[in-house]
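Enquirer:
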Amino acid sequence: MLTFILKKKWYEKIKSGEKTVEYREFTEYWKTRVYNALISLAPNEKPICILRLGYTKQYMTAKISEIDIVNGKETDLHIDSQVYAFHLSEIKECD
0 MLTFILKKKW
10 YEKIKSGEKT
20 VEYREFTEYW
30 KTRVYNALIS
40 LAPNEKPICI
50 LRLGYTKQYM
60 TAKISEIDIV
70 NGKETDLHID
80 SQVYAFHLSE
90 IKECD
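If you count the sequence shown from 1, position 89 lands on 88 in numbering that gives the first Met the number 0, and the numbers rise without skipping.
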C-alpha cells in the first residue's frame, strides 16, 4: 500500500473530484515503494493508497487504476524530469 502525504490544497482537490491523478518524482525512493506495493498483488488486483492530509489523522483511501511515467513539466509538479502519475479511482473519505 502506498501512502501520499498531501498539502491541504491538493487533498481538497482530490476530495472534491477535481484532481484524479497524483504525481511523485521518479526517484529510487518511489521506485522502491511502487515495486513493493505491486509485487504483493494478485493478478488483476488494483493497488490501494492512503491519501493523508499532512501528518494529521484525516485521510482518504483510493484505488490506483493506472500508473504512468510522464514528463514532469506537464504536471502540477512543474519539474524537468520524469514523474509517476498515479490515476486514482474509488476515492473514499475515512474517519
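Don't be surprised by glycine CBs; every beta carbon is placed ideally from N, CA and C.
State the start and end residues of the unbroken beta strand (DSSP E) segment that holds Leu50.
Expert: Translated into the one-based positions of the sequence shown, residue 50 becomes position 51. Unbroken beta strand (DSSP E) run through Leu50: 47-52.
Enquirer: Which residue from Gly71, Gly53, Glu44, Gly16 puts its Cα closest to that of Lys6?
Expert: Position 7 of the sequence shown, counting from 1, holds the residue named residue 6. Looking at the Cα atoms, Gly53 is the closest of the given residues.
Enquirer: Between which two residues does the alpha helix (DSSP H) carrying Ala36 extend?
Expert: Counting from 1 along the sequence shown, the entry for residue 36 is found at position 37. Taken as a continuous stretch (DSSP letters only), the alpha helix (DSSP H) holding Ala36 covers 27-38.
Enquirer: Evaluate Tyr83 with the Cβ neighbour count: other Cβ atoms within 10 Å of its Cβ, from every protein chain shown; 16 or more gives buried, anything less gives exposed.
Expert: Start at 1 with the first residue of the sequence shown, and residue 83 comes out as number 84. Buried, since its Cβ has 16 or more Cβ neighbours within 10 Å.
Enquirer: Starting from Glu11, trace the alpha helix (DSSP H) both ways and give me its first and last residue.
Expert: Translated into the one-based positions of the sequence shown, residue 11 becomes position 12. Looking at the DSSP string, the run of the alpha helix (DSSP H) that includes Glu11 is 7-15.
Enquirer: Is there contact here, the region 70-79 with the region 43-58, by at least three beta-carbon pairs under 8 Å?
Expert: Flag = no, the region 70-79 and the region 43-58 do not touch.
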